[in-house]
Each structure stands twice: as structure tokens, then as C-alpha cells.
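Structure first, commentary second.
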Amino acid sequence: STWEDFIELSNLLNKIFPSFQEASNSQQGKIIDCFKKKDFLAGQYLIKEGEVGNAAYLIKEGNCSFISSRNPLIDLPDPKKNSRKPTDIMLRTKRGFLSSATNSFQFGILESNQWAGEDKLIKEQEDPSGYSIMAKTKVIAYAITKQDASKKFTLEMMQSLKNMVEQRYKWILQRARCLSLTSAKMAKMDPSKVGYDESLAQAVKKFPKASNLSLIHI
């Protein structure tokens, strides 16, 4: 890392981990040396759903989409079969939650000074990712592997990471619930009706970003 990157990372880690500044200068240096600077163009994936990875990213600049193809499904009776069998009805729109580029639901936006994929640093097993993190703009991020984090992060930093992951998981559940309820209401509407666009516009205002503010107000 360059001296500029060293200072930038030090400032980022101080913001995210209050305990980082309590570590010795030598320990701080070893932690910072574990991070590798990565550049991503719009449309490139930091993390891709279905792939196994063990790295997380601290976003320095740019915005990323937090998306998943595990679209909320709507449990409704099938009118054609006159039964109570659930029917999977997908929300068809190029606006709001559904991404026209990826055919995935957008759970939120990740911005500078935020983690992307921090759960990968504390998982015991390296399972295929259940979500994707895709650059919306040019993104500059610092990557760190699970192995390096587990060896170099202090105990306090690892505990903070676990707390962040738990908070993010709660946010994802609430976001998914919001998406499912909105999809259920909109599936019953005719897209040509006036209320359709209005409902969609109102829906996207709820937790539009996976920001620190939205995480606090779970």
C-alpha cells in the first residue's frame, strides 16, 4: 500500500472500529498491510451470488447494488386451478426493486465507508454466496481475506464485525419482508392502473439504502 492508502485505510478503520485506535502502531500497521486495493468498473461484481469467496471489501469510493436472485415469492391461490396451491408471481417492472439489468431484487445500496461482504470474515465455512454486490459506479475498495482478518484483527474488532453482521442480517430480513408485502399488493394490480406507479414509488422509499442510518433504525 502507498502512504496515501495507509492514511486512508487508517481513517476508515478508525471510523468503523473504535477499538482500532487502541491497538499499537505496529499492530495497526500489520492490519492495514492485509488490505489490497481493488478497482471495479460499473457492472462488475465485488461478490457474485453462487460463488464461493472468502474476501470482504471496505468501500472507499463509489456505490454498489446489494442484490439477490432469490426474489420474494408471493403465496397466492391459483385462480385457474381453483385451488389453494401457492403460485409464484414475480414482479415485472424495470423500476423500483427489480433490476432490469440483472433480473434480481435490489435489497439496497452500499456506499463509501461501508463494508461489502463482511459476513465472509466470520463464517466458519466458505459457502456459496447468497447475494451479489455489483458496482453501480466506478468503485475503489480495499479487500481483505478471512484468513488475514482472523489472524490480524484484534478480539474487539472481530466482535464488532459479528455485531455488524447480525445487524445487517436483521436489516435484510426486514427489507425482504417489505419487498414481499409490496410485491403481494402490486401483483393484484393492473400495471395500467394509476395506483400502480404510485404504489411502486412509495415502496422504494422504504429502506432504499443499506446505510448506517437504516441499520440503526431497524
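The numbers in the sequence shown follow the working numbering, run straight up by one, and end at 1504.
By construction, the Cβ of each residue, glycine as well, lies at the ideal position given by its N, Cα and C atoms.
Those residues which DSSP pairs with residue i across a bridge
i     : result
W1289 : Its beta-bridge partners do not exist; DSSP assigns none.
Q1392 : I1353
D1325 : I1426
P1414 : V1338
L1332 : Beta-bridge pairing links L1332 to no other residue.
L1344 : W1401, Y1428
Bounding residues of the alpha helix (DSSP H) (the contiguous stretch that carries residue i)
i     : result
G1348 : That residue, G1348, is in no alpha helix (DSSP H); it is neither H nor E in DSSP.
S1312 : 1311 to 1319
Helix, strand or coil at residue i [DSSP, three-state]
i     : result
I1419 : strand
L1359 : Here the model assigns L1359 a pLDDT of 43, short of 50, so the residue's position is not dependable and the matter cannot be decided.
L1459 : helix
K1438 : helix
K1406 : helix
Assess, as a yes-or-no matter, whether the region 1337 to 1350 is touched by the region 1426 to 1436 under the definition of 3 or more beta carbon pairs within less than 8 Å.
-> By the criterion of at least three beta-carbon pairs nearer than 8 Å, the region 1426 to 1436 is in contact with the region 1337 to 1350.
Does the pairing of the region 1438 to 1453 with the region 1294 to 1314 give three or more beta-carbon distances under 8 Å?
-> Taking 8 Å as the limit for Cβ pairs, the verdict is that the region 1294 to 1314 does touch the region 1438 to 1453.
Is the region 1397 to 1415 touching the region 1328 to 1341 in the sense that three or more CB pairs, one from each, lie closer than 8 Å?
-> In short, these stretches touch, since the Cβ pair count reaches three.
Is the region 1391 to 1409 touching the region 1307 to 1325 in the sense that three or more CB pairs, one from each, lie closer than 8 Å?
-> Taking 8 Å as the limit for Cβ pairs, the verdict is that the region 1391 to 1409 does not touch the region 1307 to 1325.
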